[in-house]
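Structure record follows, encoded as structure tokens.
Numbering (the numbering used here), first residue to last: 26 to 384.
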């Protein structure tokens, strides 16, 4: 298991190359299950989650070729409708194969997903929407089992916006008979990116990026050739780092060294603040009450041994380490490798004293 060591307090300078967005790449790679023939995807980041979904797609019968940041997938030989626990447990995004499998093979058996522990993140909205499209769904021994002779268009309302739920049902509706309307849909850029890919495949989609998405189903889709959009979260991480090393402030770590009091409210995940205890070890003054965190600025953070609790917490601890006055050691950074490609090397190129060590 690796750890990352940081000697903080250095200013950053230079240019950083932002990789492809993991959260855009995952549903786009899954969408290859909807087609016969070779799909080509460029600017695909080399991350653990990407490797996991490629392994899952291969287990379903897809052919996969990787050359640098280019991934080619041919699902013409799709023959297996079961996504087993051993593969799905590695990340929650594995649920994105559910709807493509039902649309293509008329059945799917997908293990309930795993991933980092930032709340329950239930998939009930996926299942409710798929049932509205005509699928018969049951939960048996930790698996979702779904069947449908032909999905049929429906008017679907999400009780709360869900990114993966919107993506899953967009893929299902693309091959459904008739018109589907997704209401209260997620509006993230990754939704638009997937819609663009599906449109290139021949789907008829309107309204992606708004709360109402209309999909007119088609009989079949063709392969696509696209470039994955840049990762806005990685870009934001570097923007925060640039501000931090000049002692300016945004977001929780920046608020920790900013003057005055700040409040952050979390409206989706109940455990998003589990990294607060680690920031406190570095001298941050943070109090959590319900779904809000109250951050009182301190003059400086200090280095300390800390433990990463999830993907984004790993990044926040790196940011804290960059601004801290001495050495920080971040343990359990395997979380980091799920969403950031060689981030320590990118920060080192900008002048940070940061390196990875095998424990």
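The beta carbon of each residue, even a glycine, is placed where N, CA and C say it ideally should be.
Beta carbon of residue 56 nearer than 8 Å to that of residue 223: What you label residue 56 is simply residue 31 of the chain shown in a count that begins at 1. What you label residue 223 is simply residue 198 of the chain shown in a count that begins at 1. Contact: yes.
Take residue 101 as the anchor and find which of 337, 126, 193, 27 has the nearest alpha-carbon. Within the chain shown, residue 101 is the residue found at index 76, counting from 1. Taking only the C-alpha atoms, the option nearest residue 101 is 126.
Below 8 Å on the Cβ atoms is my guess for residue 329 versus residue 312; work out the distance and round it to an integer in Å. Counted from its first residue, the chain shown places residue 329 at position 304. Counted from its first residue, the chain shown places residue 312 at position 287. The Cβ separation is near 19 Å, so there is no contact.
Can you list, in chain order, the residues of its chain whose CB lies under 8 Å from that of residue 373, leaving out five sequence neighbours each side? As a first step, residue 373 must be located in the chain shown, where it is residue number 348. Once the five neighbours on either side are set aside, the close Cβ partners of residue 373 are 379, 380.
Going by CA-CA distance only, name the one from 39, 27, 28, 70 that's closest to residue 46. Within the chain shown, residue 46 is the residue found at index 21, counting from 1. Nearest option by C-alpha distance: 70.
Excluding five sequence neighbours on each side, which residues of the same chain lie with their C-beta closer than 7 Å to the C-beta of residue 201? Taking the first residue of the chain shown as 1, we reach residue 201 at position 176. Within the same chain, residue 201 has close Cβ partners 158, 176, 177, 178, 242.
Can you give the Cα-Cα distance for residue 342 and residue 117, rounded to whole angstroms? Here residue 342 refers to the residue found at position 317 of the chain shown. Here residue 117 refers to the residue found at position 92 of the chain shown. Cα to Cα, the separation comes out at about 23 Å.
Leaving out the 5 sequence neighbours to the left and right, which residues in its chain are closer than 8 Å to residue 371 when beta-carbon positions are compared? The sequence position of residue 371 within the chain shown is 346, counting from 1. The residues are 41, 42, 263.
If residue 52 and residue 259 are in contact, beta carbons under 8 Å, what's the gap, nearest whole angstrom? Locating residue 52 in the chain shown gives position 27, counting from the first residue. Locating residue 259 in the chain shown gives position 234, counting from the first residue. Incorrect: roughly 18 Å between the Cβ atoms, too far for contact.
Between residue 388 and residue 348, what straight-line distance do the alpha-carbon atoms span, to the nearest angstrom? For residue 388 there is no data in the structure shown, the boundaries of the chain being 26 and 384.
When you compare the CB positions of residue 376 and residue 39, do they come within less than 8 Å of one another, or not? Indexing the chain shown from 1 puts residue 376 at position 351. Indexing the chain shown from 1 puts residue 39 at position 14. Their beta carbons are under 8 Å apart, which means residue 376 touches residue 39 by this criterion.
Could you check where the alpha helix (DSSP H) with residue 47 kicks off and where it finishes? Counted from its first residue, the chain shown places residue 47 at position 22. That run of the alpha helix (DSSP H) goes 47-56.
With DSSP as the reference, please indicate the residues paired to residue 240 in a beta bridge. Along the chain shown, read from residue 1 onward, the residue named residue 240 stands at position 215. 205, 230, per the DSSP bridge assignment.
Using 8 Å as the threshold, is the C-beta distance between residue 29 and residue 369 below it? Numbered from 1 along the chain shown, position 4 holds the residue referred to as residue 29. Numbered from 1 along the chain shown, position 344 holds the residue referred to as residue 369. In contact: residue 29 and residue 369 (Cβ atoms closer than 8 Å).
Reducing DSSP to helix, strand and coil, say where residue 384 ends up. Counting from 1 along the chain shown, the entry for residue 384 is found at position 359. Residue state, collapsed to three classes: coil.
Counting only the same chain and skipping the five closest in sequence on each side, list residues whose C-beta sits under 6 Å from that of residue 239. Counting from one through the chain shown, the residue named residue 239 turns up at place 214. Cβ contact annotation for residue 239 (same chain, cutoff 6 Å, sequence separation greater than five): 206, 231, 232, in chain order.
Since residue 49 and residue 253 should fall inside the 8 Å C-beta cutoff, what is the C-beta to C-beta distance between them, to a whole number of angstroms? Position 24 of the chain shown, counting from 1, holds the residue named residue 49. Position 228 of the chain shown, counting from 1, holds the residue named residue 253. Going by Cβ atoms, the distance from residue 49 to residue 253 rounds to 5 Å, so yes, they are a contact pair.
Name the one or two DSSP bridge partners that residue 96 has. Residue mapping note: residue 96 aligns to position 71 of the chain shown, counting from 1. According to DSSP, residue 96 bridges with 66, 91.
Distance between residue 382 and residue 32 (C-alpha atoms, nearest Å): Taking the first residue of the chain shown as 1, we reach residue 32 at position 7. Taking the first residue of the chain shown as 1, we reach residue 382 at position 357. Residue 32 and residue 382: Cα-Cα distance of roughly 14 Å.
Report the residue from 164, 213, 149 whose alpha carbon sits nearest the alpha carbon of residue 237. Stepping through the chain shown from its first residue, residue 237 is reached at position 212. Selected option, being the one with the closest Cα: 213.
Identify every residue that forms a DSSP beta bridge with residue 40. Within the chain shown, the letter at position 15 stands for residue 40. Answer by DSSP bridge pairing: none, since residue 40 is not bridged.
Report the residue from 361, 345, 327 whose alpha carbon sits nearest the alpha carbon of residue 266. As a working note, residue 266 is residue 241 in the chain shown. Selected option, being the one with the closest Cα: 345.
Are there any heavy atoms of the ligand SAH lying less than 7 Å away from the beta-carbon of residue 348, as far as the coordinates show? Looking for the ligand SAH in the displayed structure turns up nothing, as the structure carries no ligands at all.
How big is the Cα-Cα spacing for residue 140 and residue 114? By one-based count along the chain shown, residue 140 stands at place 115. By one-based count along the chain shown, residue 114 stands at place 89. The pLDDT assigned to residue 140 is 47, lower than 50, so where the model puts this residue is not dependable, and the model offers no usable value.
For residue 122 and residue 325, I'd like the C-alpha separation in whole angstroms. Here residue 122 refers to the residue found at position 97 when the chain shown is read from its first residue. Here residue 325 refers to the residue found at position 300 when the chain shown is read from its first residue. Whole-angstrom Cα-Cα distance: 46 Å.
How many angstroms separate the CA atom of residue 129 from the CA atom of residue 103? Residue mapping note: residue 129 aligns to position 104 of the chain shown, counting from 1. Residue mapping note: residue 103 aligns to position 78 of the chain shown, counting from 1. Those two C-alpha atoms are separated by around 9 Å.
Looking at the structure shown, is residue 59 part of a helix, part of a strand, or coil, going by DSSP? The residue labelled residue 59 in the question sits at position 34 within the chain shown. Three-state DSSP puts residue 59 in a helix.
Mapping the DSSP letters down to three states, classify residue 144 as helix, strand or coil. Working through the chain shown from its first residue, we reach residue 144 at position 119. With a pLDDT of 44 at residue 144, under the threshold of 50, the modelled position of this residue cannot be trusted, and the question is left open.
Look at the alpha carbon of residue 99 and the alpha carbon of residue 361, and state the distance between them as a whole number of angstroms. Your numbering for residue 99 matches position 74 in the chain shown. Your numbering for residue 361 matches position 336 in the chain shown. So the two alpha carbons sit approximately 29 Å from each other.
Sub-8 Å separation of residue 288 and residue 327 beta-carbons: As a working note, residue 288 is residue 263 in the chain shown. As a working note, residue 327 is residue 302 in the chain shown. It is not a contact, given that the beta carbons lie outside the stated cut-off.
Straight-line gap, residue 59 to residue 97 (C-alpha atoms, nearest Å): In the chain shown, residue 59 corresponds to position 34, counting from 1. In the chain shown, residue 97 corresponds to position 72, counting from 1. Taking the straight line joining both Cα atoms gives about 14 Å.
From the DSSP output, in three-state form, read off residue 368 for me. Your numbering for residue 368 matches position 343 in the chain shown. Residue state, collapsed to three classes: helix.
Between residue 332 and residue 358, what straight-line distance do the alpha-carbon atoms span, to the nearest angstrom? For this step, residue 332 is matched to residue 307 along the chain shown. For this step, residue 358 is matched to residue 333 along the chain shown. Those two C-alpha atoms are separated by around 8 Å.
Assigned secondary structure, residue 272 (DSSP; H/G/I helix, E/B strand, else coil): Translated into the one-based positions of the chain shown, residue 272 becomes position 247. The predicted position of residue 272 is uncertain, since its pLDDT is 37 and thus under 50; a value taken from the coordinates is nonetheless stated next. If DSSP states are grouped into helix, strand and coil, residue 272 belongs with coil.
Spatial neighbours of residue 248 in its chain, beta-carbon cut-off 6 Å, leaving aside the 5 residues before and after: Numbered from its first residue, the chain shown carries residue 248 at position 223. Within the same chain, 60, 62, 63, 64 come within 6 Å of residue 248 by CB-CB distance, once the 5 residues on both sides are set aside.
Below 8 Å between beta carbons: does that hold for residue 112 and residue 77? Counted from its first residue, the chain shown places residue 112 at position 87. Counted from its first residue, the chain shown places residue 77 at position 52. Cβ distance < 8 Å, so residue 112 and residue 77 count as in contact.
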